[in-house]
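Note sheet for the following structure.
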Amino acid sequence: MAIKFRGVDFLEFDSLLTDEERLVRDTTRKFIEDNLIPIIEECNRAGRFPKELVKPMADLGLYGASLKGYGCAGMSNVEYGLVMQELERGDSGVRSFVSVHSSLAMYPIYAFGSDEQKQTWLPVMQKGEKIGCFGLTEPDFGSNPGGMRTRAKKSGKEYILNGEKMWITSGSIADVAIIWAKAEDEDNNIRGFLIETDRPGFRAEDIHGKWSLRASVTSSLSLQDVRIPESNLLPKTGGLKSPLMCLSQARYGIGWGAIGAAMACYDCALQYSLFRKQFRDQPIASHQLVQEKLTWMISEITKAQLLALQVGRLKDKDKARPQHISMSKRNNVWMALECARMARDILGANGIADEYPVFRHMANLESVKTYEGTHDIHTLIIGQSVTGIDAF
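Sequential numbering of the sequence shown, starting at 1, is according to the working numbering.
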């Protein structure tokens with residue numbers, strides 16, 4: 001990598017963090033610098049997920065980090081957010097892997113599972129020995145997951161599941177899938193099911209040809225008469241609220257993660273502008289138009305930091321509402337994508353080369369802006385919260 005990250009803190013943001021929060025952030029930052037940054041461009045070129053980091057990240061306590069017990073780190077939500085920030089500063093795809101495994105696979109087991117399910121799965125998932133994925137989105141139902149066609153039919157002491165899921169992170173490398181389906185014997189009430197991926201009738205195929213999240217595994221899932229014991233039902237799930245609670249956990253992490261990507265782009269553009277010289281042998285940082293871009297970027301990053309931190313503080317007090325998390329996800333991902341585009345502009349032709357991380361972040365953020373609630377969907381969530389009128 002041509003430019004080494006130096007950290008971004010314009011408004012003494014670190015003074016708002018505790019010693020423990022800074023330690024978690026700095027430990028994750030060093031891990032990313034030492035282990036991911038040296039290989040990420042090769043992974044992105046090859047479309048390869050860095051599986052070699054699965055166990056080291058487990059050893060660092062990054063999986064299910066904000067959960068209590070079962071070997072999990074028991075971090076605060078702010079600490080967990082800072083972890084997501086540093087992971088995404090490395091790459092959105094790697095952050096996606098940890099986020100899905102933790103917030104969308106481990107969390108539903110933790111929140112909705114039986115004691116037996118928790119004891120069976122959470123310790124081995126925390127250790128990275130078993131990988132999880134989350135199956136909600138379908139080929140025809142993304143922003144409207146309630147329209148899902150996947151069905152679970154009760155047959156004696158078993159359930160038989162049929163359906164398809166799409167755009168599933170880690171689908172083909174997962175050992176267990178959290179599948180959301182309409183239970184026919186419960187008037188099509190949406191329930192969550194634990195499905196071991198080696199069961200007959202379960203198939204996962206990778207989605208190829210992606211220009212974004214190339215260092216992440218993205219799959220389609222097919223379930224054809226997949227039989228599971230009734231004990232694989234997540235007993236405390238019920239209705240669309242259950243998967244949306246999981247998505248709130250993941251969206252919260254994205255609000256922090258996007259800041260990391262923005263930081264990487266801003267710091268790269270700033271350093272580049274100081275050594276790149278044009279016109280009278282002066283650095284391009286001396287030009288007003290370049291300074292305007294850098295000023296916009298650092299201003300928006302700083303505001304995003306304060307937004308994410310306040311949502312995290314509220315979440316640690318159990319006061320964060322879905323609309324708060326939507327604002328963080330919506331604003332911060334939009335901000336990060338704009339930072340990536342401005343940084344690409346400052347770098348000129350070099351901005352499209354993977355000697356620098358900017359274009360990779362820009363392409364990744366196009367996906368992050370869409371998944372786990374599009375920019376427009378989060379607009380409507382916030383709009384409903386302030387007007388009381390549902391505009392979906």
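Quick reminder that beta carbons are idealized off the backbone N, C-alpha and C, glycines included.
Taking 3 residues as the minimum length, the beta strand (DSSP E) runs contained wholly in the region 161–187 are 176–183, in order along the chain.
At a cut-off of 3 residues, the continuous stretches assigned as beta strand (DSSP E) that sit fully inside the region 83–149 are 132–135.
Between the region 333–346 and the region 355–369 there are three or more C-beta pairs closer than 8 angstroms, enough to call the two in contact. Secondary structure at threonine 197: coil, using DSSP grouped into helix, strand and coil. With 16 or more other Cβ atoms inside 10 Å of its own Cβ, tryptophan 121 counts as buried.
The C-alpha of isoleucine 389 lies about 52 angstroms from the C-alpha of proline 283. The straight-line gap separating the alpha-carbon atoms of threonine 237 and alanine 269 is approximately 46 angstroms. Straight-line spacing of the CA atoms in alanine 250 and glutamate 292 works out to 33 angstroms. Per DSSP, isoleucine 37 has no beta bridge partner at all. According to the DSSP assignment, aspartate 206 belongs to no alpha helix (DSSP H) but to the beta strand (DSSP E) extending over 202–206.
In this structure the region 104–121 does not touch the region 262–280; the number of beta carbon pairs closer than 8 angstroms is below three. By the CB criterion at 9 angstroms, leucine 213 and serine 367 fall inside the cutoff. For arginine 227, the uninterrupted beta strand (DSSP E) segment begins and ends at 218–229.
If you check the CB distance, glutamine 271 and arginine 6 come in under 9 angstroms. In this structure, threonine 295 sits away from serine 219, with a CB-CB distance that is not shorter than 9 angstroms. Contact between the region 76–89 and the region 225–241 is not established, with fewer than three Cβ pairs separated by less than 8 angstroms.
Where alanine 215 is concerned, there is no enclosing alpha helix (DSSP H), because DSSP gives it neither an H nor an E. For lysine 315, the uninterrupted alpha helix (DSSP H) segment begins and ends at 288–316.
By the CB criterion at 9 angstroms, aspartate 175 and isoleucine 131 fall inside the cutoff. By the neighbour-count criterion, in which a residue is buried when 16 or more other Cβ atoms sit within 10 angstroms of its Cβ, isoleucine 40 is buried.
In the same chain as tryptophan 256, and ignoring 5 residues on each side of it, the C-beta atoms closer than 6 angstroms to its own belong to Gly81, Met84, Gln85 and Ala308, in chain order. Taken atom to atom, the span from the alpha-carbon of leucine 17 to that of leucine 23 is near 10 angstroms.
Distance between valine 290 and glycine 192, taken at the CA atoms: about 50 angstroms.
Closest in alpha carbon position to serine 172, among Val386, Ile160 and Phe97, is Phe97. Fewer than three Cβ pairs drawn from the region 318–335 and the region 25–37 lie within less than 8 angstroms of each other, which leaves the two stretches out of contact. Taking C-beta separations shorter than 6 angstroms and ignoring five residues to either side along the sequence, the partners of isoleucine 381 in its chain run Gln323 and Ser326, following chain order.
Annotation for alanine 152: the continuous beta strand (DSSP E) segment containing it runs 151–155. Annotation: the continuous alpha helix (DSSP H) that includes tyrosine 252 extends over 241–275. The beta-carbon distance between glutamate 79 and glutamate 12, rounded to whole angstroms, is 19 angstroms. This is too long to meet the 8 angstroms contact definition.
A check of alpha carbon separations from lysine 210 across Gly47, Met335 and Ser143 identifies Gly47 as the nearest. The region 125–144 and the region 257–264 do not touch, with fewer than 3 CB-CB distances between them shorter than 8 angstroms. The beta carbons of asparagine 350 and glycine 93 sit no closer together than 9 angstroms.
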